[in-house]
Amino acid sequence: MASSTIFNLLAIFSLLNACIASRATPNSLLEDVQTQLLKYHKGALLQGRISVNLIWYGQFTPSQRAIVADFITSLSPSSPSQSQPSVAAWWKITEKYYHLASSKKPSLSLYLNKQILDDSYSIGKSLTQNQLVDLASKGEQMNAINVVLTASDVAVDGFCQNRCGTHGSKSVAVKGKNQKFAYIWVGNSATQCAGYCAWPFHQPIYGPQTSPLIAPNNDVGVDGMVINLASLLAGTATNPFGNGFYQGTADAPLEAATACPGVYAKGAYPGYAGDLLVEKTSGASYNAHGANGRKYVLPAIYDPSTSKCSTLV
């Protein structure tokens, strides 16, 4: 299991930058550190056509659900026309891990499948990790990533304390055979800890205090969820079962996106997300175009071919 711990990692990144800044050759030193990242542990990666199923737990408006659904749709290069830089181009960076893992050119294609609504809080408003996995089990059991999204009034073990979301896998028996499906959980932090899990759209609780950015879809909580979901999807693709690409311990690994904490565009440094694009009329920041005219802010992904954090802008 892996957790999206944006601000813990940002603190690490801040410390790393502070150490590097005292040396004469910061760029080469940073590259030396990063070339050691994300060792391949020889495990299976997700293959072929994989469904993404959204399990909405708690109260979400139709417009909030559309923001996330359009993001998932945008991951496919065959999605409705997207301007550049695009969500699909961001996702394509993960293909480089597949080329490293196999010479057979394996591929991964994600598509939006089922959306399951549980707006009656069927198991309460305080959830354990096991309950999250049970909710994820409502999605497809094979060739799937089941995403549990909890509303802003739902408390989850560890949420806002040491994680904004998490991913993992579960073994199930399907037609007499053991199968695994991947799952992701992301919480809406709007009323609980936006300073932790929805930065840079909210003033951070700790660290450098800069003005928050305007969220591209005008929803601090859900736009923050998209950032965390994007990070966890990259981790799921490259380390779905805990033995793929990662650095550190298997229960708290650095992965494809969490290896680049707090980086969203060129020029990023602790407390500054980078030189993002800005929508002229609304002033909203973004770095990726999606389906249906959407705009998103997506995290940098560690590029194993360059040993650098890759951004769209």
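Everything in the sequence shown is counted per the numbering used here, starting at 2 for the first residue and increasing by one.
By construction, the Cβ of each residue, glycine as well, lies at the ideal position given by its N, Cα and C atoms.
Only a predicted model underlies this, so the values are computations on that prediction, with no experimental measurement involved.
Within 7 Å: the Cβ of residue i and any heavy atom of the ligand NAP?
i, result
"LEU47", "The ligand NAP is not part of this structure, which contains no ligands at all."
What distance in whole Å lies between the Cβ atoms of residue j and residue i, which are believed to be in contact at a cut-off of 8 Å?
i, j, result
"SER190", "PRO300", "That belief does not hold up - the Cβ atoms of SER190 and PRO300 are roughly 16 Å apart, past 8 Å."
"LEU46", "ALA238", "7 Å"
"ASN293", "ASP71", "5 Å"
"GLN65", "ASP220", "6 Å"
"TYR297", "VAL88", "6 Å"
"ALA195", "GLY225", "7 Å"
"ASN244", "GLU256", "About 12 Å separates the two Cβ atoms, so there is no contact after all."
"GLY49", "ASN144", "7 Å"
"TYR247", "LEU39", "6 Å"
So, at 6 Å on beta carbons, what are the nonlocal neighbours of residue i in its own chain, with the 5 sequence-adjacent residues on each side left out?
i, result
"LYS181", "SER170 and SER172"
"TYR274", "With the sequence shown as reference, residue 274 is identified as Ala, and Tyr is not the correct amino acid for it. Same-chain partners within the cutoff: PRO201 and TYR265."
"LEU133", "VAL149 and TRP186"
"TRP57", "LEU118 and LEU150"
"VAL34", "With a pLDDT of only 40 at VAL34, under 50, the local geometry of the prediction cannot be trusted, and no value is derived from it."
"ILE73", "VAL53 and LEU113"
"VAL155", "GLY59 and LYS126"
"VAL223", "GLN65 and ILE68"
"SER4", "The predicted model places SER4 with a pLDDT of 48, which falls under 50 and marks its position as unreliable; any figure quoted below should be read in that light. Counting only Cβ-Cβ distances below 6 Å, and skipping sequence neighbours, we find ARG164 and THR167."
"PRO205", "GLY196"
"ARG295", "ASP71"
"GLY268", "GLY275 and ASP276"
"LEU55", "GLN116 and VAL148"
"ASN218", "ILE68 and ASP224"
"LEU128", "VAL157"
"CYS198", "CYS165, SER190 and GLY225"
Between which two residues does the alpha helix (DSSP H) holding residue i run?
i, result
"ILE73", "63-75"
"SER232", "221-239"
"ALA195", "195-198"
Per DSSP, which one or two residues make a beta bridge with residue i?
i, result
"TYR207", "Per DSSP, none; premise fails for TYR207."
"ILE94", "DSSP, once it has assigned bridges, lists no residue as partnering ILE94."
"ARG50", "SER110"
"HIS290", "SER87 and LYS296"
"TYR99", "Bridge partners of TYR99: none, in fact."
"CYS310", "TYR303"
"TYR273", "TYR270"
"PHE246", "TYR41"
"VAL175", "LYS178"
"TYR323", "In the structure as shown, the chain starts at 2 and stops at 314, and residue 323 therefore has no counterpart that could be examined."
Could you give the residue range of the beta strand (DSSP E) that holds residue i?
i, result
"THR151", "145-151"
"TYR303", "302-304"
"ILE185", "178-188"
"PHE202", "From DSSP, PHE202 is part of no beta strand (DSSP E); its letter is neither H nor E."
"LEU255", "253-255"
Kindly list the residues whose CB is nearer than 7 Å to the CB of residue i, restricted to its own chain and excluding five residues on each side of it in sequence; keep chain order.
i, result
"VAL94", "One point to set straight first is that residue 94 is Ile, not Val, in the sequence displayed. Cβ within range, chain order: ILE302, ASP304 and SER311."
"ILE215", "SER283, GLY284, ALA285 and SER286"
"ALA90", "LEU313"
"PHE242", "GLY44, ALA45, SER170 and LYS181"
"ASN131", "none"
"GLN142", "VAL173, VAL175, GLN180 and PHE182"
Short of 8 Å in beta carbon distance, which residues of its chain neighbour residue i, apart from the five on each side in sequence? Order them along the chain.
i, result
"GLN83", "SER75, ALA89, HIS290, GLY291 and ALA292"
"THR26", "Summary for THR26: the model assigns pLDDT 28, below 50, so the residue's position carries little reliability; its value from the coordinates is reported in the next sentence. So the list is empty, once near-sequence residues are dropped."
"THR36", "Annotation note: pLDDT 42 at THR36 (below 50); position unreliable, coordinate value reported separately. If we look at THR36 and ignore the five residues flanking it on each side, its Cβ neighbours are SER308."
"GLN85", "HIS290"
"PRO63", "none"
So within the region 110-172, which uninterrupted beta strand (DSSP E) runs reach at least 3 residues, ignoring any that extend past its ends?
145-151
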